[in-house]
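Protein chains in written order, with the working numbering: chain Z, 248 to 522; chain A, 496 to 783. Yeah, the Cβ is synthetic: ideal placement off N, Cα and C, and Gly gets one too. What follows is a single structure, written as structure tokens, with notes after it.
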Amino acid sequence: MREMTLGQYYAVNSPVHALDPRTKILSVISMMALIFLCRTFCGLAACACFVLAVSFAGHIPLSKMMSSLKAIYFLLLFTFLLNVFFNQSGAVLWQWGILNLTSGGIKRALFMALRLVLLVTGAGLLSFTTSPIELTDGLESLMTPLKKLRFPAHEIAMMMSIALRFIPILTEETDKIRKAQTARGANFDSGSLYKRAGAVVSLLVPLLVSAFRRAEELAMAMEARCYHGGEGRTRLKVLRFHASDAVAAAVVLALAAFIAADQTVIVSLLPDWTG
Amino acid sequence: MDRVCVEKSMTDMIDMRNVSYRYEEDGRDVLQNINLTVHTGEFVCVLGHNGCGKSTLAKLMNGLFQPTAGTVLVSGMDTRSENDIFRVRACAGMVFQNPDNQTVATVVEEDVAFGPENIGVPQKELRDRVDRALAAVGMSAYAKKEPHRLSGGQKQRVAIAGVLAMEPKLLILDEATAMLDPRGREEVLSTVKKLNREKQITVVWITHFMEETVEADRLLIMDQGRICLEGTPRELFAHTEDLRALKLETPPAAQIAQTLREHGIDVPNDILTPEELTDALWAFRSKT
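Encoded structure:
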């Protein structure tokens, strides 16, 4: 059977991996908010230190962290150029036609790029250190208060975990169908785009049909095992906060406090760098 | 399986009276006037080729389907009663054919816990039930594994554990071995036999492999929505002609014995297993 990993989970034992998923979800959300709120390089540097420290504590290699940036190389470049040439504050350093390179523009562009890098690597930390199952459990637990507003928290979590369960099965099945259709003369790898799209249909239709059949059988099997929604359900694994979660929360709060202080003190002392 | 365990307790686990079933209101009856009693502790096999109604029969036994006519009682509870439906389903656990399509969770032990979680077993007891169920099917070592990395036979054993964790009195296996290789089939069959023998769990084993039915206490043969033959495997397998008319093949050992008899070699006509055939041949040899 083909080895495959779900999501980006990086399976090692570390204090960060051992944290309650709820702590990690909430921490990442707060960190992202802080990165957005923060308006100084000093604050961003603090966030960067935080991200680096967490990745170190979580035994995530730097190369792994960098790999999560792959998806946004183009976006990074684009925002950088946009900011460099559309922010015209500060001294003009270089001019060519209508393009002006200003000191304010460079600062702004660097700031935005750094912010983007931190956002992506910070979010990456969550998926590196938390398995999809833990994430689902954490989300269900966090969404539970919303049940009062008739928000289907249990159903959404159940759907997510079933989807996760079926990813490897459907991947394997796609492989089988691809081989079966290749044996029947389908060509997925060459020909015009139009032809290839046609070939993909011969892959998708059987896959979809089988997915529906599976869904029907699974529903029957779940019903046979007394499933009747989230009501009155108990759980084998109950999420519990530990001392380490308090430590993590304290660290995030410290970061928030630093950024808040930084905003009020430093911003009042120095001219606004970010325009 | 010896016949003793049937005699020792004769309370009825399943009682079906004049049961008919059709999928659509004006469709044909998939099951016609079935009368069937399964006793506590019994190992009953239901045999028949595709489309004879045996899967439908299984789904009637734990209230997944409701009979169009007649009544189905499981351990005395009517499957029609809405108050009892979850008790019926926890009492009559069901294992299906495709192991992949009955696993809900991404970790073995969480999947085993799914049933008892649904019926609200307290968390402290859950752990205990899951561990016991996994031990009973010999899968304790795989508790933390991902189901899709297991072999077919192992997946089915996990599915059985998932049912056992609800502490059922009855296990219904609907062609649970049909998608497995010979080794997986043997694994699952011997697990179920052991549960029947050691934990006195009543078993309804539905299959189209005749050799799996050899050791059953009772064998029901279905055709076109009816139970057409009923008896011990030994009684039924002697009716080679009737079975052939139903497009069923007797086990290989019985077939060989039949052919030997046709060629004038005097062996008994109720041979089922290779061991019995060997013994008979030795006996024949020492006679001549």
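Distances from the alpha-carbon of A/SER576 to those of A/MET589, A/ALA608 and A/GLY558 put A/GLY558 closest.
In the three-state scheme derived from DSSP, where H, G and I count as helix and E and B as strand, Z/VAL499 is classed as helix. Among the residues of chain A, none has a CB under 7 Å from the CB of Z/LEU316; the nearest is roughly 28 Å distant. Inter-residue distance for Z/LEU357 and Z/VAL331 is about 9 Å (C-alpha atoms, whole angstroms). Judged by DSSP in its simplified three-state form, A/ALA660 adopts coil rather than helix or strand. For the pair A/ALA600 and Z/ARG487, the CB atoms are not nearer than the 8 Å cut-off. Inclusion of A/VAL658 and A/GLY720 in the CB contact set at 8 Å is not warranted, their separation being larger than that value. Per DSSP, Z/TYR320 lies in no beta strand (DSSP E); the unbroken alpha helix (DSSP H) holding it starts and ends at 320-333. If only complete runs of 3 or more residues are kept, the region 642-687 of chain A shows the beta strand (DSSP E) at 665-669, in order along the chain. For the options A/PRO747, A/GLU682, A/ASP623 and A/ILE760, the alpha carbon positioned closest to that of A/GLU706 is the one of A/PRO747.
Residues of the region 464-487 of chain Z that bring their beta carbon within less than 8 Å of a beta carbon in chain A comprise GLU464, LEU465, MET467, ALA468, MET469, GLU470, ALA471, ARG472, CYS473, TYR474, HIS475, GLY479, ARG480, THR481, ARG482, LEU483, LYS484 and VAL485, in sequence order. For the region 404-418 of chain Z, the beta-carbon criterion of a distance under 8 Å to any beta-carbon of chain A is satisfied by SER408, ILE409, LEU411, ARG412, PRO415 and ILE416. The beta carbon of Z/PHE435 sits closer than 6 Å to those of ALA446, all from its chain and outside the five residues before and after it, given in chain order. Below the 9 Å Cβ cutoff, chain Z contributes GLU464, LEU465, MET467, ALA468, MET469, ALA471 and ARG472 as neighbours of A/GLN597, in chain order. Across the set A/LEU690, A/VAL683 and A/ASN530, the C-alpha of A/VAL683 shows the shortest separation from the C-alpha of A/SER646.
Between A/ALA711 and Z/ALA471, the alpha-carbon positions lie close to 25 Å from each other. Per DSSP, the beta bridge partners of Z/TRP341 are Z/LEU348. The DSSP-derived three-state label of A/GLU725 is strand.
A/ARG622 is a Cβ neighbour of Z/LEU483, given a cutoff of 8 Å. With fewer than 16 other Cβ atoms from the protein chains shown falling within 10 Å of its own Cβ, Z/GLY432 counts as exposed. As summarised for the region 585-633 of chain A, the continuous beta strand (DSSP E) elements at least 3 residues long and confined to that stretch are 587-590, given in chain order. Per the coordinates, the alpha-carbon of A/ASN764 lies some 8 Å from the alpha-carbon of A/ARG756. For A/LEU621, the nearest beta carbon of chain Z is closer than 8 Å to its own beta carbon.
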